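Peer 1: Got a structure for you, written out below as structure tokens; questions coming shortly.
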Amino acid sequence: MAASSELNSRTDSDDDDGDSSTSRSSSSGGIETQISSWTYICKSFSDMLKSGDKINLDYVFKSAEQAVLNEEPVHALKLFAMGFKQICNENCDSHFTFRSRSTTDEMRQNEKPYEAYVSDFNLNLDDLIEMMCVAINQCAILITNENKTKNINGMKLNVKQCLELIINSCELLSLLKTRLICSAASLYFSLKDYQKGFQLATKAVQADSSSTLAQETYENMCCHLVERWHFAMLNDVSRNQAYQRALCEAIGKVTFNPVVCDVGSGTGLLSLIACEQGKCSQVYAIEKSSIMCMVAQDILKTNLSPELIQRVQIVNKMSTTMSVPDDMKQSADILVTETFDAGLFGEGILPTLCHAWSKLLQNTGSTKALVIPSKAELFIQAVECDYIRMENRFSSGVADIEFQNIFLCSTTGMCDPDPYTTQDLKLLPGGFRVLSQPVKFMEVDFNNPKDLMKLNKGLTQEISLTITKEGRLDALAMWFTLHLNDSVQISTHTQSNSCWEQAIFPVHAVKIQKQPESRGQKVSLNLKIDDIVHVIQCVKGGKLCMDVTSLSKRGEKMIQCYNITQPVPKFLSSVSDWFKHQVFCLSSGEIISLNNKDFYAAIIHQIKSSNKGEDVDFVHLNIGFSPLCLVALQSGYRHSLAIAHSLCHQVLLRALCRCNNIDMRRLSLVDDIDGFVNLLELSDPRDATQSSETENWKDCQVSERKKVHVLCDVVDVQGRIVENLWDQLNVLKYCLSDYTIQQVIPYQVDIYGVLIESQDLICLSRILSDENTLGYNIGSFFNKFSTRNYQGILLSTLSHSKLTEPFKIFSVSLNKIFHVQNDTLQSKSSPVFSSTSQQTTASVNVNIAVSNSVDANSSQVNNNVSCNIVNVKSSQCKERAEPSSVLQNLESQSATGSKHYLCSHNHIIETSLPSNTSQCPQCSVLTSSTPDQVSPCQSKSLEKDQTTMAAENTFIPGPNNNKNDAFRFSHFNHSVDGATIEVDSLKMSNEIDTTLNKLSSSIPSPAPIVSQNNVCHSESSPNHKPNNDVDETLLLKDDQDKGEDETNEMNQIQRLQIPVIESGNITALIYWFDLHMSPTVSISTLSYPQHWQQAAVMVPHSPSVVKGEFLDIQFKLGNSALSLSFCTK
């Protein structure tokens, strides 16, 4: 209870709260108090606890709830802590054991369980925990914005003490729920107590391995604590062997017992190599990360003998803060390091070695220290690459939006702190072309302190590249060669297959001008043989910068560029510095998205075709910069609302408004999703920047803004669901509660996946074996930081083997989430993976006859529908509609008497003559509404089993989609293994519910089902094998009914049975998305590798599978990723 006593002492001070105390009126559950100071309230309760008085728990917890609602999270945490302290004091013995857990009933009767304290509260136990989570999350936000929070240090101390007491108390009372653990772990991370946060995150996963929240919290912390490149580096056998050879040779050459300094030791691999030589008197493993030091300690103890372990000292510091003899007893004779990024200098090797030579290394007398590696050579080459260009240069306009004299480019190479990006050129979609020969532009001697000092202070030089192949100059690619000694080298060239990528310096034409007075004029980057590219390069400290300064054309004068005296920003500047030159720097993800013309064309077509001249508003829930809000205004929408995530976005959108003569009063911009809520209280609904009028936005919604179309960004460029998407959709739905949402784009999102085997992908996620780490046991300790979810995977260039065919996992309807009244028809566009399927053994006989009679004076029309599907057989068919689409089409009867029918291919046909035959526009098959006139053309079986048909699709809505007036199927006949179930009646829906419920309970197990692009098999026959001629995925339909509630759309669980088409070891599930913009247009994120990447779910232990067997897997849709678990094989 040490934290409790500290809490009492801390609450005596009014100045340590970190929150401003204001006067608020509080009313909760009959308790009404004028709170003049939250600090005074907390101090009063604290005084009562110190004096031994009992506090009123009802009042304490309700006050804490009110503090949360009043956004006083620190005081709320104090109140929660005091309440739990009161409970623990009365229910815990001296050993801090909860007495209500006694083993005998007699002992339990004499005790007062904690439920007695909370049973009379209006705030139940779940709400209490939820309120604590909200308070904890609010504190994390305050700490994150510490520059805006007064007395941040005092607030952090209060928060940490309260949080510790709450967690300990809840653990004793068995109230430590997963949500609470995850919130506490995140807050500890905000407090920079990474060890405690990671421990809680680990506990959350261990307590509930099926929780997606726990898994995502754990993985986020793993990625924060350990960079993912560590796995690729430790799996790089050639790199490890090279360092081992060089270090052993250096130690063997000295005639004394050297002191070795391992700077940036990480897991301690190089320290292990040095210790095992047996010659080193002392090894210092220097690492700034406390987590890595803990891991290294375990690794060293496991791999070294007790004698050798005494020679290793782990120092948890930055080497630049160390000195001799304060941190090291004597100067080091050998320094080994691998603190190099793709640009060589990015991890601070220059300041590190400059300090080491002056403070840590032997640099006087007859012996001089040795640095490994001894030197590095840097090379540069001009390249052409479509992927790099699309990431960094905006190619052309969007729809009718003019970008006259407005230039868009990426921040890379333009703005601090992004001098370059990194890519493995050989793995980029579309590849790359070299335009020049490699040029060695620098050599760095790490054993020359004077040269290192010069470079560290700054060095600028010019480089010239002669073009040897015609092409477009997109970037400068840079790599280096490390000389560990005279005979051992490591190269990061694209052909070397090392763990390093190449440093890429994009070439921005906007930086090159023909004349100084015409700054910003575009210059052609299409070069010919013998053209000269002039480059200026600068090294200073931990930065390497490069810019193309001029181009020399054959037979022409040199194209002039900026120089030091001109006002154009040089090298790296802030984003705002470019505004005055009409240059706007966006992220590479935003640029590559703008360059996806097909994607934008699909959305713009839908935006323009959806507005029928009505007064409709447009809302875009965007994750980055997008001009689609302006496209909507040009297309006739009344008002447009979007998110401007940064000042650059705001300035750019307003500049585009002026350039395109768009009234900016019709455009409202908010900073984030919370801005949609705040906008409800704005005075002027037409201009989010003004507040002169008194009309409330919400009132305006009812009177003037009744209709709205919504566009949502659901997938980020790295291939995952947008973070916190479901929460954002709920917030947006709340904000638009007074609107009639007519359309959502996309209206449906399908998630597809494929199981693969990939050795390269494993190397990015975990250490494969001890052989990769030179026989040392490192993986068993380091792999605990491995994560299951990965993003930014390029399946088109990833070396892999496909173990299954692609299959659909989930289908999420945004129409259902937003309760769109006229639900869009299911997509009839061609599937991503089209294939043929063989006949199965099911037959369905369905007769539907619906008659809705309405009074002639009514505004509603008389509709008659007749549809018959008789003895539908399964066979090959190129395209078909889903049964759910068929039933929806039956609902859409027009006032002109137009009806919808099915041809025997299940294509939907619309005709105004229901009694006559009509021709299918897709397959030219004659089709009739009567059973004896159905075309003999073969078609597939309906993909609804009898349970689903009875439970979900047993009504046809009446006029205005009124389900109360709906009629049920007049005849239902399903044959399964010789058993026939029939319903023959025509009753109102409220009269047949009981009959259908009885029917559902008596139906046997499902028969094989045919689904779009997939053949489904029932769980009762998991060993059913498809025909050898069929190249299809077999799915097991989920047993759970998904219902109509939007929560089912956001939190789906699907169990599928998938056949293996190739033997191997499952590495991961790679998944992607189909975005259905309209019933005829869909975009696959797999088809555009230059825009979207894919995400992966790693499969633990890489289980082996055999061709022909079936995998029974359960998938779960999480907050921003998927998870899977194997049920049976």
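Residue numbers (full-length UniProt numbering): 1 to 1129. We put the beta carbon where it would ideally sit given N, CA and C, even for glycine. If you're wondering where the values come from, they're calculated on a predicted model, not measured in any experiment.
Taking C-beta to C-beta, are residue 751 and residue 1071 nearer than 8 angstroms?
Peer 2: yes
Peer 1: Let's test the definition: count the other Cβ atoms within 10 Å of the Cβ of residue 647 and tell me whether it reaches 16, buried, or not, exposed.
Peer 2: exposed
Peer 1: For the alpha helix (DSSP H) holding residue 130, just list the boundary residues, first then last.
Peer 2: Here the alpha helix (DSSP H) through residue 130 covers 125–144.
Peer 1: Counting only the same chain and skipping the five closest in sequence on each side, list residues whose C-beta sits under 6 angstroms from that of residue 162.
Peer 2: 77, 78 and 81
Peer 1: To the nearest whole angstrom, what separates the beta carbons of residue 1086 and residue 776, a pair I think is in contact under 8 angstroms?
Peer 2: Contact flag wrong, Cβ pair sits at about 40 angstroms.
Peer 1: Would you give the residue range spanned by the beta strand (DSSP E) that residue 546 belongs to?
Peer 2: 543–552
Peer 1: According to DSSP, what are the bridge partners of residue 228?
Peer 2: In the DSSP output, where bridge partners are listed per residue, residue 228 has none listed.
Peer 1: Can we say the segment 199–210 touches the segment 164–182, given the rule of at least three CB pairs closer than 8 angstroms?
Peer 2: Contact holds: three or more Cβ-Cβ distances are below 8 angstroms.
Peer 1: Cutting at 8 angstroms between CB atoms, please list the residues of its own chain near residue 83, excluding the five before and the five after it.
Peer 2: 55, 57, 60, 61 and 64
Peer 1: Measure the Cβ-Cβ separation of residue 1099 and residue 1069 and say whether it is below 8 angstroms.
Peer 2: yes
Peer 1: Grab the span of the alpha helix (DSSP H) containing residue 152 for me, first residue to last.
Peer 2: 152–172
Peer 1: Reducing DSSP to helix, strand and coil, say where residue 261 ends up.
Peer 2: strand
Peer 1: Give the straight-line distance between the Cα atoms of residue 245 and residue 488, rounded to the nearest whole angstrom.
Peer 2: 8 angstroms
Peer 1: With a 10 Å radius around its C-beta and 16 neighbouring C-beta atoms as the bar for buried, classify residue 282 as buried or exposed.
Peer 2: Result: buried.
Peer 1: Residue 500 lies in the alpha helix (DSSP H); which residues open and close that run?
Peer 2: No alpha helix (DSSP H) contains residue 500, which DSSP labels as neither H nor E.
Peer 1: What are the uninterrupted segments assigned as beta strand (DSSP E) that are 3 or more residues long and contained completely in the segment 699–772, given in chain order?
Peer 2: 707–712, 740–745 and 748–757
Peer 1: On a Cα-Cα basis, can you pick out the residue from 408, 382, 74 and 378 that is closest to residue 392?
Peer 2: The candidate whose alpha carbon is nearest that of residue 392 is 408.
Peer 1: May I ask which residues mark the beginning and end of the alpha helix (DSSP H) holding residue 479?
Peer 2: Counted as a single uninterrupted DSSP element, the stretch harbouring residue 479 is not any alpha helix (DSSP H) but the beta strand (DSSP E) occupying residues 475–483.
Peer 1: Once you ignore the five residues that flank residue 588 on each side, which residues in its own chain have a CB closer than 8 angstroms to its CB?
Peer 2: 391, 392, 410, 411, 412 and 421
Peer 1: Taking C-alpha atoms, which residue in 42, 709 and 765 lies nearest to residue 612?
Peer 2: 709
Peer 1: If you reduce the DSSP assignment to three classes, tell me which class residue 249 lands in.
Peer 2: helix
Peer 1: Within the same chain, show all residues whose beta-carbon is closer than 6 angstroms to that of residue 176, passing over the 5 residues directly before and after it, in chain order.
Peer 2: 170
Peer 1: Select from 1110, 1063, 784 and 1093 the residue whose C-alpha is nearest the C-alpha of residue 201.
Peer 2: Nearest Cα to residue 201 within the set 1110, 1063, 784 and 1093: 784.
Peer 1: If you draw a straight line from the C-alpha of residue 117 to the C-alpha of residue 48, how long is it?
Peer 2: Residue placement at residue 117 is poorly supported in this model, since its pLDDT is 40, which falls under 50; the coordinates still yield a value, given next. Answer to the nearest angstrom: the Cα atoms are 18 angstroms apart.
Peer 1: Hey, how far is the Cα of residue 661 from the Cα of residue 400?
Peer 2: 12 angstroms
Peer 1: Does the distance from the C-beta atom of residue 267 to that of residue 294 stay below 8 angstroms?
Peer 2: no
Peer 1: Taking the alpha-carbon of residue 289 as reference, which of 302, 275, 312 and 263 has the nearest alpha-carbon?
Peer 2: 263
Peer 1: Between 476, 248, 781 and 715, which has its C-alpha nearest residue 1076's C-alpha?
Peer 2: Among 476, 248, 781 and 715, the Cα nearest to that of residue 1076 is on 715.
Peer 1: Taking the Cβ atom as the reference point for each residue, do residue 818 and residue 744 lie within a distance shorter than 8 angstroms?
Peer 2: Cβ distance < 8 angstroms, so residue 818 and residue 744 count as in contact.
Peer 1: Whose CA, out of 417, 443 and 381, lies closest to the CA of residue 467?
Peer 2: 381
Peer 1: If residue 796 sits next to residue 449, beta carbons under 8 angstroms apart, how far is it from one beta carbon to the other, in whole angstroms?
Peer 2: Their Cβ separation, rounded to whole angstroms, is 47 angstroms, which puts residue 796 and residue 449 out of contact at 8 angstroms.
Peer 1: Is residue 186 closer than 8 angstroms to residue 140 when the C-beta atoms are compared?
Peer 2: yes
Peer 1: Quick check on residue 953: does DSSP put it in helix, strand or coil?
Peer 2: With a pLDDT of only 34 at residue 953, under the threshold of 50, the placement of this residue in the model should not be trusted; the figure read from the coordinates follows. In the structure shown, residue 953 falls within a coil segment according to DSSP collapsed to helix, strand and coil.
Peer 1: For residue 1124, tell me which candidate among 1067, 1074, 1080 and 1083 has the shortest Cα-Cα distance.
Peer 2: 1067
Peer 1: Skipping 5 residues on each side, what residues in its chain have a beta carbon closer than 7 angstroms to that of residue 1060?
Peer 2: 803, 804, 1105, 1106, 1107, 1108, 1109 and 1111
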